[in-house]
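To start, the structure itself, in structure tokens.
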Amino acid sequence: MMTNARQTRPLGLLVLAAWPVAAAAQDFDPTLTDPAEIALQCGGSSAAGEIVFAQCAVCHEIGEDAESGVGPHLQEFVGRLAGSLEDFAYSPALVALGEQGVTWERDSMHAMLADPASMGFPENHPVVADEQARNDLMTYLRTHTLPPAPAIGEVAVPEHVLAMEGDAAYGEYLSGECAACHVPGGTDDIPGITGMARGDLMLALYEYRERARPNSTMQLVAQSLGEAEIAALAAYFEGAAP
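As structure tokens, then:
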């Protein structure tokens, strides 16, 4: 959502002087990692935001391997100081925003997306006029701005979850998705979980939820499970015959 200096016309900086430096304040909780909590905080849908992002993707990459090109990459964008990536030549206007301490937070992103030219972006920069579409886009960007993942051994299952008596019948109902990959006895690439101790399975799921275990598919699966569902799956698989 920023453009390379080579494509940007000379910009008057008086609009920057009017932009409140208070916009630099952190107004998103940077510690959140749960997609549902992020969506609630941002007021949008990441899936809908990904659709909105299609117009941004013409110039911007996002994702773990994203690189800057026509525009700077937008991985870890939320909370970033404006004009601060070392591998991108920003316009003077964006550099000036960063010098004022402006970071990309809720208010500054709304202002930029609704009226890019007022913040020093080129006239042809895409406008996202609809407020909900901006919320959706911010939600999508926030899901790509996550705190560092903890290490294995730094994640613990909450005591109240460990104490839950999971519904094994419900766990069996939920287990169909697991069984698609986790066969009894496991394979060379995917471990078996049939007969796994409930505490161990709970811990593994929480480690995926917190991204301590580096498998994006399992991270999404674990993040979609509530406490009762984790307890139910753990109860079912512990009692299932190998």
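For the sequence shown, the UniProt record's numbering assigns the number 1 to the initial residue and increments by one for each residue that follows.
By construction, the Cβ of each residue, glycine as well, lies at the ideal position given by its N, Cα and C atoms.
Being a predicted model, the structure only gives us computed values, none of them experimental.
*Give me the Cα-Cα distance between Ala-23 and Thr-187, rounded to the nearest whole angstrom.*
Here residue 23 corresponds to residue number 23 of the sequence shown, with the count starting at 1. Here residue 187 corresponds to residue number 187 of the sequence shown, with the count starting at 1. Because Ala-23 sits at a pLDDT of 41, beneath the cut-off of 50, its placement in the model cannot be relied upon, and the point is left open.
*Check Thr-31 in the structure and name its three-state DSSP category.*
In the sequence shown, the residue the question calls residue 31 occupies position 31. Residue state, collapsed to three classes: coil.
_C-alpha gap between Phe-237 and Met-109, whole angstroms_ = As a first step, residue 237 must be located in the sequence shown, where it is residue number 237. As a first step, residue 109 must be located in the sequence shown, where it is residue number 109. Those two C-alpha atoms are separated by around 45 Å.
*Residue ranges of each alpha helix (DSSP H) within the segment 162-242, 4 or longer*: 168-179, 198-209, 216-223, 227-239
*Val-52 classed as buried or exposed, judged by whether at least 16 other C-beta atoms fall within 10 angstroms*: For the purposes of this step, residue 52 is taken as residue 52 along the sequence shown, with counting starting at 1. The residue in question, Val-52, is buried, as its Cβ has 16 or more Cβ neighbours within 10 Å.
*Inter-residue Cα distance where the pair is Gly-83 and Gly-101*: For the purposes of this step, residue 83 is taken as residue 83 along the sequence shown, with counting starting at 1. For the purposes of this step, residue 101 is taken as residue 101 along the sequence shown, with counting starting at 1. Cα to Cα, the separation comes out at about 10 Å.
*When we look at the beta-carbon of Pro-184 and count the other beta-carbons within 10 Å, is it buried (16 or more) or exposed?*
To locate residue 184, count along the sequence shown from 1; it is residue 184. Flag for Pro-184 reads exposed.
*Simplified DSSP assignment, three categories, for Thr-139*: Position 139 of the sequence shown, counted from the start, is the residue given in the question as residue 139. The answer is helix: DSSP assigns Thr-139 an H, G or I state.
*asked:* Classify Ile-230: buried if its beta carbon has 16 or more other beta carbons within 10 angstroms, exposed otherwise.
replied: Residue 230 sits at position 230 when you count from the first residue of the sequence shown. Answer is buried; the Cβ neighbour count reaches 16.
*Can we say the segment 156-167 touches the segment 129-138, given the rule of at least three CB pairs closer than 8 Å?*
Inter-segment contact for the segment 156-167 and the segment 129-138 is absent: fewer than three beta-carbon pairs are separated by less than 8 Å.
*Run the CB neighbour count on Glu-207, radius 10 Å, all protein chains shown included, and call it buried at 16 or more, exposed below.*
Walking along the sequence shown from the start, residue 207 turns up at place 207. Looking at its Cβ environment, which holds 16 or more other Cβ atoms inside 10 Å, Glu-207 is buried.
*Report all residues from its chain with a CB closer than 7 Å to the CB of His-73; omit the five preceding and five following residues, and keep chain order.*
Position 73 of the sequence shown, counted from the start, is the residue given in the question as residue 73. Cβ neighbours of His-73 beyond the five flanking positions: His-60, Glu-61, Ile-62, Ala-66, Glu-67.
*Are the CB atoms of Arg-142 and Asp-27 nearer to each other than 8 Å?*
Here residue 142 refers to the residue found at position 142 when the sequence shown is read from its first residue. Here residue 27 refers to the residue found at position 27 when the sequence shown is read from its first residue. Contact: no.
*Report yes if the C-beta distance between Met-202 and Ala-168 is below 8 Å; otherwise report no.*
Mapped onto the sequence shown, residue 202 falls at position 202. Mapped onto the sequence shown, residue 168 falls at position 168. Taking the C-beta atoms as reference points, Ala-168 is found no nearer than 8 Å to Met-202.
*Hey, which unbroken runs of the beta strand (DSSP E) at 3 residues or more fall wholly within the segment 79-135?*
none
*First and last residue of the uninterrupted alpha helix (DSSP H) at residue 243*: Any answer about residue 243 is impossible in this case: the structure gives the chain only from 1 up to 242.
*Out of curiosity, what's the CA-to-CA distance linking Val-95 and Arg-198?*
The residue given as residue 95 occupies position 95 in the sequence shown. The residue given as residue 198 occupies position 198 in the sequence shown. Distance between the alpha carbons of Val-95 and Arg-198 is about 53 Å.
*For Ala-204, is the classification buried or exposed, using 16 other Cβ atoms within 10 angstroms of its Cβ as the cut-off for buried?*
In the sequence shown, residue 204 corresponds to position 204, counting from 1. By the neighbour-count rule (16 or more Cβ atoms within 10 Å), Ala-204 is buried.
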